[in-house]
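2 protein chains.
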Amino acid sequence: MSVKELTEAYKGWLRYEKIEDQDWMNENGKWLSAIVSSGTCTTVIESAIEELIKAFTNMTGQKPALSDSVQSSYSIVLSKIEEGDDASNELNDDGYIIQAKKTDNGSAVLLAGKTDIGILYASFHLLRLIQTRTNLETVNLRENPTNQLRMINQWDNMDGSIERGYAGESIFYENNQFTNNLERIKDYARLLSSVGINGISINNVNVHAVETKLITNDFLPHVAKVAEIFRGYGIKTFLSVNYASPIQLGDLETADPLDDNVRNWWKEKVKDVYSYIPDFGGFVVKADSEHRPGPFTYGRNHADGSNMLAEALEPFGGIVIWRCFVYNCMQDWRDRKTDRARAAYDHFKPLDGQFHENVILQIKNGPMDFQVREAVSPLFGAMNETNQMLEFQITQEYTGQQKHVCYLIPQWKEILEFETYAKGEGTPIKRIVDGSTFKNRFSGITAVSNIGNDTNWTGHQLAQANLFGFGRLIWNPDLSVEEITNEWIHATFGNDPDVVEQVSIILKDSWPIYENYTSPLGVGWMVNPDHHYGPNVDGYEYSVWGTYHFADCDGIGVDRTVASGTGYTAQYFDENASMYESLDTCPDELLLFFHHVPYTHKLKSGKTVIQHIYDTHFEGVEQAIGLKERWSSLEGKVDQECYQNILDRLTGQIDHAKQWRDIINTYFLRKSGIQDEKNRTIY
Amino acid sequence: MSVKELTEAYKGWLRYEKIEDQDWMNENGKWLSAIVSSGTCTTVIESAIEELIKAFTNMTGQKPALSDSVQSSYSIVLSKIEEGDDASNELNDDGYIIQAKKTDNGSAVLLAGKTDIGILYASFHLLRLIQTRTNLETVNLRENPTNQLRMINQWDNMDGSIERGYAGESIFYENNQFTNNLERIKDYARLLSSVGINGISINNVNVHAVETKLITNDFLPHVAKVAEIFRGYGIKTFLSVNYASPIQLGDLETADPLDDNVRNWWKEKVKDVYSYIPDFGGFVVKADSEHRPGPFTYGRNHADGSNMLAEALEPFGGIVIWRCFVYNCMQDWRDRKTDRARAAYDHFKPLDGQFHENVILQIKNGPMDFQVREAVSPLFGAMNETNQMLEFQITQEYTGQQKHVCYLIPQWKEILEFETYAKGEGTPIKRIVDGSTFKNRFSGITAVSNIGNDTNWTGHQLAQANLFGFGRLIWNPDLSVEEITNEWIHATFGNDPDVVEQVSIILKDSWPIYENYTSPLGVGWMVNPDHHYGPNVDGYEYSVWGTYHFADCDGIGVDRTVASGTGYTAQYFDENASMYESLDTCPDELLLFFHHVPYTHKLKSGKTVIQHIYDTHFEGVEQAIGLKERWSSLEGKVDQECYQNILDRLTGQIDHAKQWRDIINTYFLRKSGIQDEKNRTIY
């Protein structure tokens, strides 16, 4: 890591800025001068200590003392909670307590967990408390993560490119080799661990020729090195595998999951992997999807396909994470009966109960593909005998590609709170994917990463908030958006109330703003094919991808009702099915996802659809201009390099928002012939 | 050349099939047994003799005798016409006569020219006469090419790719080197020379990093080898050059054409080139176009830019071919005043008279870019003190990419016959570009090649007809389409009357059919961006490329009139300007190129625009089906490999034509809301 790279932006939310608040220091500084760690010093505990020392040194200007027993009146004490301790029953493996305790001649702040990882998480939590200037005197909290698996998927290719990456090249690979910059990988591990991430798959789910060899002796020693770094931060390493590996690696002529040679091949392969990485997490698999190989080739289903891998992994405690993003990507646009939204449910629901215990189905939040707005996937809660994980996308593929600010925590929060009615009222998605509703062996939440080797990790520095927020939200989905936002801003930009207020507003408003000037009312897409950046209303309209809006001179939208459409609404539990089926109860923001309506249809807002389109698009651009004005007011109050980065992106966002506005409005004016009521310029 | 490659398809129109017609052989076979060549045996004469021997041997089964004086009663005699001979005045340098002459004890067929090249052309012509079973007894003809420069532009890159190539990789390059397959280049030279081509630029007009070095010692020895092959067939070699070469090659910091160092740099560079290739043709230059460097960078105009190169080439007899494809490719679609069609005229017309004598402006046939139908470029004839060349595109970039059959000779013929009125009636384009109207020092016609390393050269074998026909048509633009077609079919498929009839019809109908199911009434585009294959009505509608149709719910078309539009019509001479300006006189097939009209506008055909769109698109598909039926009837009558190649392509064409039909019809039904009068299926 060159000095140049260690900019404020690079440090992200682990900046540990010098504390200028003398009042706080007067009351709390004393605890930051000594660290006590009495137990065995594992690599995870080492990570915790290293982080605390670095942080305290930067924050106070004094390096804290480190000892294995309490030697001063005030100290931070790392300690293990043993089975049988009172606190033990209140904690799960990753849980911890932080508690200020009087001692004979002072006070200790206890960071305690049942495991080293719990202690590491407690350390990061303590640092957040300090960053938000919490008084330590009375601190007393207990934390358990709600979700067991808290993962990140890297879509990195070994040539250094990142599929849907918008922040430079891979930090893991270049020129079809692992990079030597292990320090940067460690810094990434710190960022992830600080918000509770405990698993990472380090290569793209589309596994190309070179990456197929990651599970061979060619690359396993390198994978092991990376896994070692992550292990020090409590993060298990996973690999995405090519389902056709037995063929691609030249050993067999088939990859049929029911073929004995194939089954044995994978068993041997898994043995190899574990010989290098004893705590290896398992495989992430994209099979029979978008031209990837899979069990369909051999007339087998996805249960056959995943169970075969699961059997190989089971003896080692590994799991198979099997993606449900399976649909016909060679659809004929003329065939209105086929509905891509139906595909995952139609493929997987009939297989409920057939998957092994160590298979988890990974389901994207919506049935389409990470649109700015779409319905939630009806698969959540629909398979009560099958492990499920939710997949979010932190990288902003369809939400501005980190050139636009689009804070996704509010979207994810809304999705997690969505009531599925899977077991009647009280079973929102967050209670499905945390495993509590159906008592799953495995469950959790994952997301596609948004980082690359740009100095500030995420291209747009405000996009760091999405990575931070993802970790915090899946640790505890009951956290409010405001709590998460507040933590991130304090850690990243400090405690100037003006900065906190303005950045909060920018983040909070950004998703609705982006939605305003892009595709309206839940219909999605309308982007340029392939790269998915920028407006193209008919970009996918006549394509094989199954992503249509059916706009004509009278109206727009996809009829997914049972009564007259594709019948997709029936995939939801009754309460939601009937809500979406009826025009009267379908929420405005998803209207065009579920119904084809005339442009003159009146929304619940009282506006017609066409006027809504015009108004939101004009408004969206004005709001984007407002974002920049708001940010400009902070010059001098945040790090200058960060200031400039965000200012430049906001400037670009305005121009691009205008393109969106003008193309969408022009498209609909030309198509509908209905004039804007306010006579604004439409081309 | 492996034996496998020497298929019938590879041989193209130089097949020299065994003559089975005994009647013809009885009367004519006698001449094919002896060849007499008395003059100096130059490489060009060697080429002629080699071709005749190969052809006669294959056609008759007997190798002809070769001698330097007449020794048998009947023979083919190659002879040079000296200055002062009667025939001399009737021939230009490339001209020739073919004449049967009684001798003492028989008859000789004389192939005579003022130059070796004339004699070579005469030899190829004789072979065509034989292929079409012409009786040689009374043959007596004189030929002079109408156009002085008859060129081919290869858009080949040194990595082996071909820009807009649809028939495999380059035959010249692979892996950033010249290929070793010189035999294939020689066969290409034979094909080109046989139809009179006398110049070729061997690299893409978009000159990338490696190709920039073609004018350096790294590559000039290889260029010289290729030039040597072409020289043997009377073809001069040209190179496309990077205008920024002085900078790119690392020698200077500017490429300013008025900078003395730059001028000297090019003079030295040209000297180098001629030291390797003494008859080097000159440079082809794409400057200030689509992000290519050019004189605009230095505040200079295109006369400054080209004259500088012209001065360097002048001492060696070289020329500069300067492309006029200059326009704003970063246009804002919201700005309706800018009209890409105007660009070439607006840029170049004001410079008339400022170009050196050895500069030729190369002008695409239309003002846009090789659409299936567009107006002709108003630059033709508009610059009476400037050399002009016409550029056609043989490679079917916008006309089906050699997956669809689209015989372009009828289109080119129409363009050449177009009356410009540049000097009143009687100055069609063919009389501008042949130099006769303005007595230009240099003039001619060029085209972008359609060949690659596919076995049959052109992917779709019927596309060979476009290469053949191009050569024949520019040799003599007065030839009829039927004459050219007839020659090609006889040479390629033999003399079965059924084959000749059916293939004639397929070729003749193919362009109108392709036009029927693609973009209507001259509006052009409506293709997928970048690769330009397949329908995408709005593909370029909101882009920077300046290629719009402005369809809304009421109507469609680009208003290019003076009265209410971009004023483009005024670039034509009065007669044409007023024809296009008025809705009453603008021809139907260009209606939407010049006017924006309601869908209900009545065409001269009596149909509305919208009904015309529906009808032609339904009809086009039926016609495509008809093409396949017609071809199927020829099974067994043509070489089986050729048969299958064409059948497969015609089958694919039908499917793709249906995509075109359905997307275009659906687009316009949705947009206009006007139903098809015949209630056919529109999606």
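In order, the protein sequences belong to chains R and F.
Read in order, the letters of the first sequence are residues 1 to 683 in the UniProt record's numbering.
Read in order, the letters of the second sequence are residues 1 to 683 in the UniProt record's numbering.
Positions of the beta carbon are idealized from the N, C-alpha and C atoms, including for glycine.
Being a predicted model, the structure only gives us computed values, none of them experimental.
Legend entry - As assigned by DSSP and simplified to three states, the class of LEU6/F: Looking up residue 6/F in the second sequence gives position 6. Three-state result, LEU6/F: coil.
Legend entry - Inter-residue CB distance, ALA167/F and THR458/F (contact presumed, cutoff 8 Å): In the second sequence, the residue the question calls residue 167/F occupies position 167. In the second sequence, the residue the question calls residue 458/F occupies position 458. With a Cβ gap of about 5 Å, ALA167/F and THR458/F count as contacting.
Inset, instruction - With 8 Å as the threshold, decide whether the Cβ of CYS553/F is near any Cβ in chain R. - result: Taking the first residue of the second sequence as 1, we reach residue 553/F at position 553. With 8 Å as the cut-off, CYS553/F counts as an interface residue toward chain R.
Inset, instruction - Please decide whether ILE654/R counts as near chain F, where near means a Cβ-Cβ distance under 8 Å. - result: Along the first sequence, read from residue 1 onward, the residue named residue 654/R stands at position 654. Closer than 8 Å: no.
Inset, instruction - Return the residue from the list ILE610/F, TYR548/F, GLY494/F, GLU419/F that minimises the CA-CA distance to GLU575/F. - result: Within the second sequence, numbered from 1, the residue matching residue 575/F stands at position 575. GLU575/F has its Cα closest to that of GLU419/F, out of ILE610/F, TYR548/F, GLY494/F, GLU419/F.
Inset, instruction - Pull up the DSSP beta-bridge partners for ILE363/F, would you. - result: Counting from one through the second sequence, the residue named residue 363/F turns up at place 363. Answer is LEU390/F, bridged to ILE363/F.
Inset, instruction - Give the range of the alpha helix (DSSP H) segment to which GLU143/F is assigned. - result: Start at 1 with the first residue of the second sequence, and residue 143/F comes out as number 143. Element bounds for GLU143/F: not the alpha helix (DSSP H) but the beta strand (DSSP E), 140-143.
Legend entry - Residues that GLY673/F contacts on chain R, provided the C-beta gap is smaller than 8 Å: Here the question's residue 673/F lines up with position 673 in the second sequence. Neighbours of GLY673/F on chain R, chain order: ASP552, CYS553, ASP554.
Legend entry - Residues of its chain near ILE674/F, where Cβ-Cβ distance is below 7 Å and the 5 sequence neighbours each way are ignored: Counting from one through the second sequence, the residue named residue 674/F turns up at place 674. So the qualifying residues of the chain are TYR599, ILE610.
Inset, instruction - Determine the direct distance from the alpha carbon of ALA312/R to that of GLY95/R, and round the result to whole angstroms. - result: In the first sequence, the residue the question calls residue 95/R occupies position 95. In the first sequence, the residue the question calls residue 312/R occupies position 312. So the two alpha carbons sit approximately 30 Å from each other.
Inset, instruction - For the beta strand (DSSP E) holding PHE238/R, just list the boundary residues, first then last. - result: Numbered from 1 along the first sequence, position 238 holds the residue referred to as residue 238/R. Run containing PHE238/R: 236-240, per the beta strand (DSSP E) assignment.
Legend entry - Cβ shell of LEU405/F (< 6 Å), same chain only, five flanking positions each side left out: By 1-based counting over the second sequence, the position of residue 405/F is 405. It should be pointed out that residue 405/F corresponds to Val in this sequence rather than to Leu. The answer, listed in chain order, is LEU462, SER510.
Inset, instruction - Using a Cβ-Cβ cut-off of 8 Å, state whether ARG649/R counts as contacting chain F. - result: Locating residue 649/R in the first sequence gives position 649, counting from the first residue. For ARG649/R, no CB of chain F lies under 8 Å from its own CB, so it is not counted at the interface with that chain.
Legend entry - Backbone CA spacing between LYS671/R and ASP538/R [nearest angstrom]: On the first sequence, residue 671/R is found 671 positions in, with the first residue counted as 1. On the first sequence, residue 538/R is found 538 positions in, with the first residue counted as 1. Distance between the alpha carbons of LYS671/R and ASP538/R is about 12 Å.
Legend entry - THR561/F to THR651/R span [Cα, whole Å]: The count along the second sequence starts at 1 and reaches residue 561/F at position 561. The count along the first sequence starts at 1 and reaches residue 651/R at position 651. Their backbone Cα atoms lie some 38 Å apart in a straight line.
Inset, instruction - Note down the Cα distance separating THR43/F from VAL77/F, rounded to an integer number of angstroms. - result: Indexing the second sequence from 1 puts residue 43/F at position 43. Indexing the second sequence from 1 puts residue 77/F at position 77. Rounded to the nearest angstrom, the two C-alpha atoms are 17 Å apart.
Legend entry - Interface flag, TYR683/R vs chain F, CB-CB below 8 Å: For the purposes of this step, residue 683/R is taken as the residue at position 683 of the first sequence. By this cut-off, TYR683/R is an interface position.
Legend entry - Meets three-Cβ-pair contact criterion under 8 Å: the stretch 248-259 of chain F and the stretch 286-300 of chain F: Contact holds: three or more Cβ-Cβ distances are below 8 Å.
Inset, instruction - Answer with buried or exposed for ASP498/F, where buried requires no fewer than 16 other C-beta atoms within 10 angstroms of its C-beta. - result: For the purposes of this step, residue 498/F is taken as the residue at position 498 of the second sequence. ASP498/F is exposed by the Cβ-count criterion.
Inset, instruction - Kindly indicate which three-state DSSP category ASP68/F falls into: helix, strand or coil? - result: Indexing the second sequence from 1 puts residue 68/F at position 68. ASP68/F falls in the coil class under three-state DSSP.
Inset, instruction - Give the DSSP-derived three-state secondary structure of TRP322/R in the structure shown. - result: The count along the first sequence starts at 1 and reaches residue 322/R at position 322. Strand.
Inset, instruction - Check whether the Cβ atoms of ALA9/R and ALA34/R sit closer than 8 Å, and answer yes or no. - result: Locating residue 9/R in the first sequence gives position 9, counting from the first residue. Locating residue 34/R in the first sequence gives position 34, counting from the first residue. Contact: no.
Legend entry - Limits of the beta strand (DSSP E) - the one that TYR121/F falls within: Taking the second sequence and counting its residues from 1, the one referred to as residue 121/F is at position 121. That residue, TYR121/F, is in no beta strand (DSSP E); its alpha helix (DSSP H) goes 116-131.
Inset, instruction - Taking LEU507/F as part of the alpha helix (DSSP H), name the residues at either end of that continuous run. - result: The residue you call residue 507/F lines up with position 507 of the second sequence. Its alpha helix (DSSP H) spans residues 497-517.
Legend entry - Cα-Cα separation, ASP116/F to ASP260/F: Looking up residue 116/F in the second sequence gives position 116. Looking up residue 260/F in the second sequence gives position 260. ASP116/F and ASP260/F have their C-alpha atoms some 41 Å from each other.
Inset, instruction - For the stretch 173-184 of chain F and the stretch 146-153 of chain F, state whether three or more C-beta atom pairs, one from each stretch, are separated by less than 8 Å. - result: no
Legend entry - Reduced DSSP secondary structure (H/G/I, E/B, other) of ARG15/R: Within the first sequence, numbered from 1, the residue matching residue 15/R stands at position 15. Correct three-state label for ARG15/R: coil.
Legend entry - Proximity winner among VAL359/R, PHE348/R, LEU110/R, relative to VAL36/R (alpha-carbon distances): For this step, residue 36/R is matched to residue 36 along the first sequence. When each option's Cα is compared against that of VAL36/R, the closest is LEU110/R.
Legend entry - Coil, strand or helix - MET151/R by DSSP: Locating residue 151/R in the first sequence gives position 151, counting from the first residue. Here MET151/R sits in strand by DSSP.
Inset, instruction - Evaluate contact between the stretch 201-211 of chain F and the stretch 232-252 of chain F, counting only Cβ atoms and requiring at least three cross-stretch pairs below 8 Å. - result: yes
Legend entry - Buried versus exposed call for LYS4/F [16 or more other C-beta atoms within 10 Å across all chains shown]: One-based indexing of the second sequence puts residue 4/F at position 4. Note on LYS4/F: pLDDT 48, under 50, position unreliable in the model; no value is reported.
Inset, instruction - Determine the DSSP secondary structure at SER107/F, reduced to helix, strand or coil. - result: Here the question's residue 107/F lines up with position 107 in the second sequence. Residue state for SER107/F is assigned as strand, using DSSP reduced to three classes.
Inset, instruction - Would you check if there are 3 or more beta carbon pairs closer than 8 Å linking the stretch 639-649 of chain F to the stretch 520-535 of chain F? - result: no
Legend entry - Cβ neighbour criterion (16 or more within 10 Å) applied to ASN140/F: Translated into the one-based positions of the second sequence, residue 140/F becomes position 140. With fewer than 16 Cβ atoms within 10 Å of its Cβ, ASN140/F is classed as exposed.
Legend entry - Cβ shell of residue 702/F (< 6 Å), same chain only, five flanking positions each side left out: The displayed coordinates of chain F run from 1 to 683. Any statement about residue 702/F would go beyond what the structure contains.
Inset, instruction - Using a cut-off of 7 Å between C-beta atoms, extract the partners of ILE663/R located in chain F. - result: Position 663 of the first sequence holds residue 663/R. Neighbours of ILE663/R on chain F, chain order: TYR542.
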